[in-house]
Every structure is written in C-alpha cells, then in structure tokens.
Amino acid sequence: MQNSAVEIQFRLHATRRQSGRTGSSDGPHSGTGRLPRVAQVVALAIQFQDMLQRGEAKDYADLARLGCITRERMSQIMELVWLAPDIQQEILEFPPSGAARFPISEVAVRKVASPLSWNDQRHAWQFLKNSFHL
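So the sequence shown is numbered by my numbering: it starts at 173 and just counts up by one.
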C-alpha cells in the first residue's frame, strides 16, 4: 500500500498589502484585529468537510490524525457544519475584533447547531445574538 501525505492550507482572512495607499484592504473586512475564534473554527469545519467530500480524508479519525488533534475535538469542530447555511455565512462575516474575547463562543454556537431543524437553529441563533446585543 502506498503512503500518501495530505497538506492542509487555507487562509482565514486576507492580510493588508504593504502599499502607499491608505484605507485599502484586500479582504472583505477593513477593520483591524483578529477574526473571532468561532469564525475561524467554522471556516476550518467547512474546509474539513470539503476534504471529506473530495476524498482527501476518509473520515473524522483521518482528519484528526492529519490535524494532530483528538477525535473528540474533531467531532466538536465538525458539529458546526450542521448549522444552517445562513448562520454559517453570518458567522464567517463577523468583523475582526480588537477586543480580547468575542462575546459569542464556539461552545454557544455548537449548542445552536445541536437541533437538526434549521428553523429551530435560527430561533436559537437569534436568541443568542439578542442576548449579546449583536
């Protein structure tokens, strides 16, 4: 059996160009700071799901080995692909934040993803956002 290696490369956000122009940005967000952790993890979950669909990895255990994380953590990350697509999109569009911690955590978003009904998820998502005044 032949050994094959898979390299995972992706960019979570665009970086600013070092040009003389002020106020220009390569990415969709012109703010400074870091993307919220939950947005980074949702992007990672989508990337992993794509790898599974393309056959670059055969299952979550394979992805966990490739990412050097536990299978349990991989399962937690992959729960985020169960989110309704509009919720995923909204999370991915969160602006970079200069704050130390973004108010909505990955754990809270995984709880939103737990109901299989996208309508139930949307109600839970709206409640979560309202509780943080977002």
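Heads up, the beta-carbon is just placed ideally off N, CA and C, and yes, glycines get one too.
Reference Gln212, options Ala229, Glu228, Phe274 and Leu235, closest by Cα | Phe274
Using CA coordinates, which residue listed in Gly205, Arg282 and Gln225 is at the minimum distance from Trp254?
-> Arg282
Write down the C-beta distance between Ala229 and Met223 rounded to the nearest angstrom, noting that I regard them as a contact closer than 8 Å.
-> 5 Å
Look up Arg206 in the DSSP assignment and give the residues it is bridged to.
-> Ser269
Cα-Cα separation between Thr242 and Gly227, rounded to whole angstroms = 20 Å
Compute the distance between the beta-carbons of Gly205 and Ser269, then report whether it is under 8 Å.
-> yes
Reducing DSSP to helix, strand and coil, say where His382 ends up.
-> No information on residue 382 is available, as it lies outside the stretch 173 to 306 that the chain covers here.
Val281, enclosing alpha helix (DSSP H) - first and last residue = Glu278 to Ala285
With Ile241 as the anchor, note down where its alpha helix (DSSP H) starts and where it stops.
-> Premise fails: Ile241 is in no alpha helix (DSSP H) and is neither H nor E.
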